[in-house]
Amino acid sequence: MAELASASHNVVALDPSRLPTHVAIIMDGNGRWARAQGKSRLFGHDQGYRTLKNIVYAARDLGIRFLTVYGFSSENWRRSAEEVGGLMDLMLRAMRNEIEELVQNRVRVRISGRLHELPPDLRTELEVAMERTRHFDGLIFNLAINYGGRAEVVDAVRSIAKRVQKGEINPDTIDEQTIASHLYWPDIPDPDLLIRTAGELRLSNFLLWETAYSEIYVTPVCWPEFTRDHFVEALLDYQRRVRKFGAVPEE
Ligand code: IPE
Ligand code: IPE
Ligand code: MG
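According to our numbering, the sequence shown is numbered sequentially starting from 1223.
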């Protein structure tokens, strides 16, 4: 926290009692940022990895409980083989490089997405990271890889249908809680704040069910240049919001 406070002048303005419990981030703009530097898209993704490391520990320092980031969507397979391969390599390299530090910092790693469709070496690395950090009590860092919001709902519906077939669930009792409890990580609460970098005003199939009442913050800043100060700025903006959940707040 001392390090963060000295690096960031706006952090003192944060109200520690009103921090979001769960922050989700669509880390967008690596390609555009790289192009502006005259560099390759993969160079942009490499810089994006540095930003991610910085923001994971910023979230930890600030006392945020859950951080979910969109690393690779179920639609990102549509990119060139070179870019997809480069991203898979980067994710493998990053997890291998970071695991010891994550363990030292008691960060609990989770993965959201269809793991079984990933290259086997990456899948193994991600499963080992989850297993090794499973008992920790620090920040829960949830990495969405090969993740799609619709695919997550499809997977939930399939597992509910199987339980109906076995007679474990009566279809007439299925409610929102039933669906929520069959999503990838039922113990992670819905995001309070959703941040998207690089300016696009869309969800791109991220956490469709979970963001029903999330506060949305979009910044034009591209992910590779997103700093702790930008992160704190998003948290400050969140603290100025009035969350209503459909009700009329009392005066
Ligand atoms: C986000 O940056 C990273 C991934 C989707 C993997 P992009 O690669 O989408 O960057 P832009 O949107 O093309 O600038
Ligand atoms: C969303 O960004 C996916 C990730 C950040 C991993 P995209 O760049 O894939 O989204 P679109 O294509 O602009 O909607
Ligand atoms: Mg993009």
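Note that the Cβ used here is the ideal one computed from N, Cα and C, for glycine as well. This structure is a prediction, so every number in the text was calculated from the model and none was measured.
message: The alpha helix (DSSP H) that contains H1338, what's its start and end?
response: Per DSSP, H1338 belongs to no alpha helix (DSSP H) and is neither H nor E.
query: CB-CB under 6 Å to I1321, same chain, minus the five flanking residues each way: which ones, in chain order?
result: A1351
- request: May I have the straight-line CA-CA distance separating R1240 from Q1461, to the nearest angstrom?
  value: 7 Å
task: Specify which residues have a beta carbon nearer than 5 Å to any heavy atom of ligand 1, listing them in chain order.
output: D1250, G1251, N1252, G1253 and R1254
Rounded C-alpha distance that separates R1343 from R1315: It should be noted that the sequence gives Asp, not Arg, for residue 1343. Distance between the alpha carbons of D1343 and R1315 is about 11 Å.
task: Under 8 Å by Cβ, that's how I've got N1327 and R1282 pegged, so tell me the actual separation to the nearest angstrom.
output: 6 Å
- prompt: Comparing the CB of E1374 with every heavy atom of ligand 2, is any distance shorter than 7 Å?
  reply: no
- request: Answer with buried or exposed for S1228, where buried requires no fewer than 16 other C-beta atoms within 10 angstroms of its C-beta.
  value: Because the pLDDT at S1228 is just 47, under 50, the model does not fix this residue reliably, and the value given afterwards should be weighed accordingly. The residue in question, S1228, is exposed, as its Cβ has fewer than 16 Cβ neighbours within 10 Å.
field: Stretch-stretch touch, CB-based, cutoff 8 Å, three pairs: the region 1334-1348 with the region 1383-1394
entry: no
query: For the beta strand (DSSP E) that F1294 lies in, which residues bound it at each end?
result: F1288 to S1295
field: Per-residue DSSP class, three states only, for A1246
entry: strand
- request: Output the boundary residues of the beta strand (DSSP E) element that contains S1436.
  value: Careful: S1436 lies outside any beta strand (DSSP E) and carries neither H nor E.
- prompt: Can you find a heavy atom of ligand 2 that lies under 7 Å from the Cβ of S1381?
  reply: no
- prompt: Is it true that the region 1442-1453 meets the region 1248-1268, where meeting means three or more beta-carbon pairs spaced less than 8 Å apart?
  reply: yes
- prompt: How many angstroms separate the CA atom of A1224 from the CA atom of V1233?
  reply: Unreliable positioning characterises A1224 in this predicted model, as indicated by a pLDDT of 47, which lies under 50. A coordinate reading is not provided.
message: Out of T1355, I1367 and G1285, which one is the CA nearest neighbour of M1310?
response: I1367
field: Own chain, CB closer than 6 Å to H1474, minus 5 neighbours either side, in chain order
entry: Residue coverage of the chain in this structure runs from 1223 to 1473, which leaves residue 1474 outside it and unanswerable.
task: Spatial neighbours of I1247 within its chain, please: CB distance less than 8 Å, with the 5 preceding and 5 following residues excluded, ordered by chain position.
output: I1277, L1289, T1290, V1291, Y1292, L1416, I1417, R1418 and T1419
task: Write down every uninterrupted run of the beta strand (DSSP E) in the region 1316-1402 whose length is 3 residues or greater and which is fully enclosed by it, in chain order.
output: 1330-1334 and 1362-1369
Terminal residues of the alpha helix (DSSP H) in which R1254 lies: N1252 to A1258
Identified DSSP bridge partners for V1440: R1418
- request: Report all residues from its chain with a CB closer than 6 Å to the CB of A1456; omit the five preceding and five following residues, and keep chain order.
  value: I1417 and Y1439
- prompt: According to the neighbour-count rule (16 or more other Cβ atoms, all chains shown, within 10 Å of its Cβ), is H1338 buried or exposed?
  reply: exposed
message: Please state the DSSP three-state secondary structure of P1238.
response: helix
task: Give the straight-line distance between the Cα atoms of F1428 and E1472, rounded to the nearest whole angstrom.
output: 32 Å
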